[in-house]
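Working notes for the structure below.
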Ligand code: ATP
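Residue numbers (my numbering): 7 to 365.
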């Protein structure tokens with residue numbers, strides 16, 4: 007069953023268009039991640055769907071029931087059976103962990119409330135801290151309690167807005183994994199807002215990439231990453247090199263890394279070629295397959311598992327674009343070394359050149 011349907015929703019704040027005809031659906035049990043740069047409308051979409059922001063244009067349905075439609079009275083947020091976890095997941099400082107977890111259960115009989123809150127705490131591994139107060143907990147523990155509070159009423163839908171943003175990288179990875187498991191075990195649908203593409207791909211069954219109030223592409227993490235439909239999506243989901251050129255009579259575009267096939271493009275079409283940085287291969291021998299462009303290694307930054315490398319063609323002119331490569335860290339390259347660069351075709355995307363208005 008479809009848990010959430012957002013149908014042609016648009017939203018303005020004065021002259022600012024925050025959402026522009028957004029439509030999407032989330033199935034029961036599915037995790038959908040909304041990802042995009044700051045200000046693209048992710049939080050607004052969640053807030054409108056939750057009823058925290060009045061709907062202006064379009065329609066919202068939850069579990070088959072229309073809860074908001076332009077020009078009609080809306081179902082208030084507390085009647086929508088939605089669990090929230092927002093960036094500032096502020097626990098109530100004067101309430102214990104257990105009381106915080108029980109907060110959304112006021113409709114239950116008192117005898118049911120605490121056992122239900124305890125069960126929610128146990129699911130997030132916080133039952134032993136039931137009597138503690140929020141200020142004595144670490145950020146990660148507080149986040150778990152906030153998750154328990156959102157889960158305790160057993161909502162049909164979870165809305166999470168940047169739930170891990172204040173948490174350090176290592177703990178964040180663990181929380182992400184735990185949260186994924188908890189959301190999946192709940193059987194409910196979830197919409198998670200993040201600006202971090204890796205987080206979105208790790209957590210989401212599907213990912214919706216947003217820009218300037220629109221959903222540009224929605225699909226499985228693999229589909230949006232492997233088959234981006236616009237330069238913006240390709241660039242947003244990974245570090246890239248971007249070259250401009252014109253499709254030649256032979257159906258290829260010449261780039262600093264050699265000719266790239268542009269199937270389906272007519273000769274003379276201006277094109278943008280995007281090559282992911284880890285799709286640039288670097289080798290010391292010209293004979294290595296696919297490594298044929300003579301380059302100089304001009305800068306090396308070892309980052310552990312990978313190294314970021316700046317290359318220049320040996321015949322480069324002053325205005326030629328830089329070439330960045332991310333190569334395995336074990337590949338020891340010295341600055342100034344002469345090498346050969348090539349490309350992994352799976353990491354190359356060709357689009358019509360962007361006009362100022364296109365995505
Ligand atoms: P971030 O990742 O920075 O939270 P976001 O993608 O969630 O960004 P929104 O918070 O939805 O983006 O904002 C979308 C646009 O609407 C932005 O231009 C923002 O400045 C504007 N906006 C959001 N809330 C309000 C408000 N209450 N009043 C006026 N403008 C707002």
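In this text, a Cβ means the ideal position worked out from N, Cα and C, and glycines have one as well.
Boundaries of the beta strand (DSSP E) around residue 316: 312-319. Under the criterion of beta carbons closer than 8 angstroms, residue 65 and residue 72 qualify as touching, at roughly 6 angstroms. Between the C-alpha atoms of residue 309 and residue 345 there is a straight-line separation of about 20 angstroms.
Closest in alpha carbon position to residue 49, among 338, 283, 136, 90, is 90. Annotation: the continuous alpha helix (DSSP H) that includes residue 147 extends over 145-157. DSSP places residue 285 in the helix class (H, G or I) of the three-state scheme. A residue is listed when its beta-carbon falls short of 6 angstroms from at least one non-hydrogen atom of ligand 1; in chain order these are 19, 22, 24, 42, 44, 45, 46, 47, 48, 49, 50, 201.
Here the alpha carbons of residue 8 and residue 70 stand approximately 7 angstroms from one another. The criterion of a C-beta distance shorter than 7 angstroms is satisfied by residue 10 and residue 68.
Apart from sequence neighbours up to five positions away, the residues of its chain that approach residue 81 with a beta-carbon distance below 6 angstroms are 73, ordered along the chain.
Excluding five sequence positions before and after residue 298, the CB atoms of its chain that fall closer than 7 angstroms to its own CB belong to 264, 292, 346, 348, given in chain order. The secondary-structure analysis by DSSP pairs residue 276 across a beta bridge with 252.
An exposed status is given to residue 307, since fewer than 16 other beta-carbon atoms sit within 10 Å of its beta-carbon.
Comparing alpha carbon positions, the residue from 242, 214, 106, 42 closest to residue 127 is 106. Per the DSSP secondary-structure output, residue 225 pairs in a beta bridge with 213. Straight across, the Cα-Cα distance linking residue 288 with residue 186 is about 37 angstroms. Take residue 329, set aside five residues on each side of it, and the residues of its chain with a beta-carbon closer than 8 angstroms to its own are 247, 262, 263, 286, 301, 316, 317, 318, 319, 347, in chain order.
Residue burial is scored here from C-beta neighbours: residue 251 has at least 16 other C-beta atoms within 10 angstroms and is therefore classed as buried.
In the structure shown, residue 343 falls within a coil segment according to DSSP collapsed to helix, strand and coil. Cβ contact annotation for residue 235 (same chain, cutoff 8 angstroms, sequence separation greater than five): 222, 223, in chain order.
Within its own chain, the residues whose Cβ lies closer than 7 angstroms to the Cβ of residue 189, once the five positions on either side in sequence are excluded, are 37, 164, 196, listed in chain order. Burial of residue 219 is indicated by the presence of at least 16 other C-beta atoms within 10 angstroms of its C-beta. For the set 243, 212, 52, the Cα lying nearest the Cα of residue 35 is the one of 212. In terms of CA proximity to residue 338, 312 leads the group 312, 350, 360, 321. One thing to note: residue 259 has its Cβ within 7 angstroms of the Cβ of residue 277. Closest in alpha carbon position to residue 272, among 88, 358, 168, 83, is 358. In chain order, 182 place their CB closer than 7 angstroms to the CB of residue 208, counting only its own chain and leaving out the 5 sequence neighbours on each side. Judged by their CB atoms, residue 335 and residue 282 are not nearer to each other than the 7 angstroms cut-off. Residue 14 sits in a strand when the DSSP states are folded into three classes.
Between residue 141 and residue 343, the alpha-carbon positions lie close to 54 angstroms from each other. In the assembly as shown, residue 131 is an exposed residue. Its beta-carbon has fewer than 16 other beta-carbons within 10 Å. Per DSSP, reduced to three states, the secondary structure at residue 325 is coil, with no helix or strand assignment. Per DSSP, the continuous beta strand (DSSP E) segment holding residue 265 begins and ends at 264-267.
Taking residue 305 as the centre and dropping the five residues before and after it, the same chain places the C-beta of 316 closer than 6 angstroms to its C-beta, in chain order. Rounded to whole angstroms, the gap between the alpha carbons of residue 93 and residue 216 is 19 angstroms.
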